[in-house]
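For reference, each letter of the sequence shown is one residue, going 6 to 508 in my numbering. Each remark here refers to the structure printed beneath this line.
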Amino acid sequence: MIPADPTRPPRPTGRARFTTRQLSKRQALKWTVFFVLAPGIFASLMDEIGVFQALPRIADGFGSTIPQVQWVVLAYVLTIGALMVPMGRLSDIVGRRRVYMAGLAVFALGGLLSGFAPSLNALVLFKVIQGAGGAMIQATAMALVAGAFPARERGRAIGLFMLVAGAGGALGPIAGGAAVTYLGWRWMFFMSVPVVVASLALAAVALPRHKRKVHAVREPFDWAGALLATLTLVVFLLVMSNGSQWGWTAARSLGGFAVAGVAAVALVAWQLRARWPLIPPELFRRSVFTRGVVLTLLIIVGNTPAFFLMPFLLQGVMHRSPLAAGLVMSCSAVAATATGMTAGYLSDRHDWRIFVVAGTAVIMVVLIGVSFVGETTPIWILVVLMFGLGLGVGLWYTPTTSAALGSVPKSRYGVGSSVAHLARYTASLSAITLATTAVAVTMSSLGFEPTLDLTDSAQSSGLGGAFISGMSVAVRIGAGITFAAMLIALLPLGLRHSLRRPR
6 MIPADPTRPP RPTGRARFTT RQLSKRQALK WTVFFVLAPG IFASLMDEIG VFQALPRIAD
66 GFGSTIPQVQ WVVLAYVLTI GALMVPMGRL SDIVGRRRVY MAGLAVFALG GLLSGFAPSL
126 NALVLFKVIQ GAGGAMIQAT AMALVAGAFP ARERGRAIGL FMLVAGAGGA LGPIAGGAAV
186 TYLGWRWMFF MSVPVVVASL ALAAVALPRH KRKVHAVREP FDWAGALLAT LTLVVFLLVM
246 SNGSQWGWTA ARSLGGFAVA GVAAVALVAW QLRARWPLIP PELFRRSVFT RGVVLTLLII
306 VGNTPAFFLM PFLLQGVMHR SPLAAGLVMS CSAVAATATG MTAGYLSDRH DWRIFVVAGT
366 AVIMVVLIGV SFVGETTPIW ILVVLMFGLG LGVGLWYTPT TSAALGSVPK SRYGVGSSVA
426 HLARYTASLS AITLATTAVA VTMSSLGFEP TLDLTDSAQS SGLGGAFISG MSVAVRIGAG
486 ITFAAMLIAL LPLGLRHSLR RPR
């Protein structure tokens, strides 16, 4: 009989062997879920970002003005903002797999119809359809990824999600620009359809089904809450996106804010008394989740003005080509993607607030640097600044999202991730309004027409200098808001929960 090798670990038997097999199966399952979801996430983000490259050609094709054609983007964003939380809650009730696959189908249909749109009004309508699909995808994708990975690897999972989303955001302008330049603007909408259809087929075959417990109570959908939430968000985002044109003290703006305010109060009152609320109040009783949402709002409001205004500076004032401007902006996406993966991995082992403080510090330094740029600033300095801004974003976003999701039960991952996404959309649109208003007020005070439509005579007329002054004001306000976010990250409230190891 051959003696056993004392240096070799014993072969697992019985319960131990079953556990090993189960662990191996779980490891394979999490990567299956990730690779099944990746194409759909990538295509939806690439389409969302790349459509900006098609707007001028769409305006020419339909004989429309730029303010009119911007409704192609606005309709999509408003639809996603309005449906994000209802779709997230619905996914918690009927299953995230179902909602995700339905979202892929609706998104592909909207993209196909958009490519064949006979008029601008039809295109806007079809983008509403595509936005509904986008809301279903974004409301469930992160929750599916986070749920497939064990709690101790949640930061890693969110980092991988950010990798795919960052790749879509970075390649979107390049792919969109190439499609519009060589094939026509309609192909901007066609190009994502095959990827989404392939992702749908892959999800139908490989995405695992999760059986509901036999004795589980099936929660009804909160239609009243969904209606109030939709009304609140649509009216608020509509006023925020048009307030600078209407005038903030105009009847439409004040009336819109009043309607949104009343609807918001009614929504909160209903959620507190509803048996099965759309947004469970228990989520906001968790200090880490609430802090994560507040940090997301503040930090995105703080850094978005720099992202929004930098292309105008590069193309309108410094007269760089759209390709050069796109390459400078892509540095941020590359840095955020790489840093987000690392920060997510490390946040599984260390206090997530460390990364938030480091990220906000980097963002503040970069925003202060951006506030001092001028018409003759070398392009390499702008590259460094945008890379640094992406670095700061990558440091805070993944750990914050991971901590927020980790503080809620898995059964609430859908609505939890939807609230986080909604905070991002609301903050982005509000920040653009803030940046536009700051630039307009500053330029008016210097005696120039408050416009971002800079011409070739900008430098000689002084219009470029006035725009830079307004941009400086906007990014300094952003730096102050980012500093407030840093202070909130350092608050001791809920520290015990912040430092708790994942279960």
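Each residue gets a CB set at the ideal place from its N, CA and C atoms; glycine is no exception.
Helix, strand or coil at Trp401 according to DSSP, with G and I counted as helix | If DSSP states are grouped into helix, strand and coil, Trp401 belongs with the helices.
Three CB pairs or more closer than 8 Å across the segment 314 to 331 and the segment 120 to 129 = With the cut-off at 8 Å, the segment 314 to 331 and the segment 120 to 129 do not touch.
Would you mind stating whether Ser433 and Gly349 have Cβ atoms separated by less than 8 Å?
-> No, these two residues do not count as a Cβ contact at 8 Å.
Out of Thr301, Val185, Phe154 and Ala209, which has the shortest C-alpha to C-alpha gap to Ser423?
-> Comparing Cα positions, the closest option is Thr301.
May I ask which residues mark the beginning and end of the alpha helix (DSSP H) holding Met141?
-> The continuous alpha helix (DSSP H) containing Met141 extends over residues Leu125 to Ala153.
Within its chain, find whatever has a CB closer than 8 Å to the CB of Ile63; leave out the 5 residues flanking it on each side and keep chain order.
-> Result list for Ile63: Ser69, Val74, Val77, Leu125, Leu128 and Trp190, in chain order.
Among Pro155, Arg94, Asp97 and Ala80, the one whose alpha carbon lies nearest that of Lys132 | Among Pro155, Arg94, Asp97 and Ala80, the Cα nearest to that of Lys132 belongs to Ala80.
Integer-rounded CB distance, given that Gly177 should sit under 8 Å from Met5 = This structure cannot speak to residue 5, because the chain is shown only from 6 to 508.
Run through the segment 41 to 122 for me and flag every whole alpha helix (DSSP H) of 4 or more residues, listed as ranges in chain order.
-> Within the segment 41 to 122, the complete alpha helix (DSSP H) runs of at least 4 residues are 60 to 67, 71 to 74, 76 to 99 and 101 to 120.
Nearest neighbour of Ala107, chosen from Gly45, Met167 and Glu287 [CA to CA] | If we check each option's Cα against that of Ala107, Gly45 comes out closest.
Is the distance from the Cβ of Leu233 to the Cβ of Leu272 below 8 Å?
-> Note that the C-beta distance between Leu233 and Leu272 is below 8 Å.
Confirm, please, whether the CB-CB distance from Val150 to Phe39 is below 8 Å.
-> A contact, by the Cβ cut-off of 8 Å.
Nearest-angstrom Cα separation, counted from Ser474 out to Ile368 = So the alpha carbons of these two residues sit roughly 20 Å apart.
Which word fits Val298, buried or exposed, when buried means at least 16 other C-beta atoms lie within 10 angstroms of its C-beta?
-> With 16 or more Cβ atoms within 10 Å of its Cβ, Val298 is classed as buried.
DSSP three-state call for Pro310: helix, strand or coil?
-> Here Pro310 sits in helix by DSSP.
Does the beta-carbon of Asp65 have 16 or more other beta-carbons within 10 angstroms, so that it is buried, or is it exposed?
-> By the neighbour-count rule (16 or more Cβ atoms within 10 Å), Asp65 is not buried but exposed.
What is the DSSP secondary structure of Val413, counted as helix, strand or coil?
-> Residue state, collapsed to three classes: coil.
How about the segment 237 to 246 and the segment 136 to 149: do they share at least three Cβ pairs that are nearer than 8 Å?
-> The segment 237 to 246 vs the segment 136 to 149: no contact.
Residue from Leu60, Arg102 and Gly86 with nearest C-alpha to Tyr430 | Comparing Cα positions, the closest option is Gly86.
C-alpha distance - Gly419 paired with Ala363, whole-angstrom precision = Their Cα atoms are separated by approximately 29 Å.
If you compare alpha carbons, which of Leu188, Arg280, Val388 and Glu380 is closest to His324?
-> The option with the nearest alpha carbon to His324 is Glu380.
In the DSSP assignment, find the alpha helix (DSSP H) that holds Met448 and state where it starts and stops.
-> DSSP places Met448 inside the alpha helix (DSSP H), whose first and last residues are Tyr418 to Ser450.
Expected contact under 8 Å - CB spacing of Val413 and Leu288 to nearest Å | Indeed they touch by this definition, with Cβ atoms about 6 Å apart.
With DSSP run on the structure shown, which of helix, strand or coil describes Val371?
-> Secondary structure of Val371 (DSSP, three-state): helix.
With 16 as the cutoff for other CB atoms within 10 Å, does Val306 come out buried or exposed?
-> Its Cβ being crowded by 16 or more others within 10 Å, Val306 is buried.
Taking the alpha-carbon positions, what's the Gly395 to Ala311 distance?
-> Cα to Cα, the separation comes out at about 11 Å.
Three-pair Cβ contact test at 8 Å for the segment 474 to 483 versus the segment 369 to 379 = Contact holds between the segment 474 to 483 and the segment 369 to 379, because three or more Cβ pairs, one in each stretch, are under 8 Å apart.
Determine the extent of the alpha helix (DSSP H) in which Phe194 is found, giving its start and end residues.
-> Run containing Phe194: Arg191 to Phe195, per the alpha helix (DSSP H) assignment.
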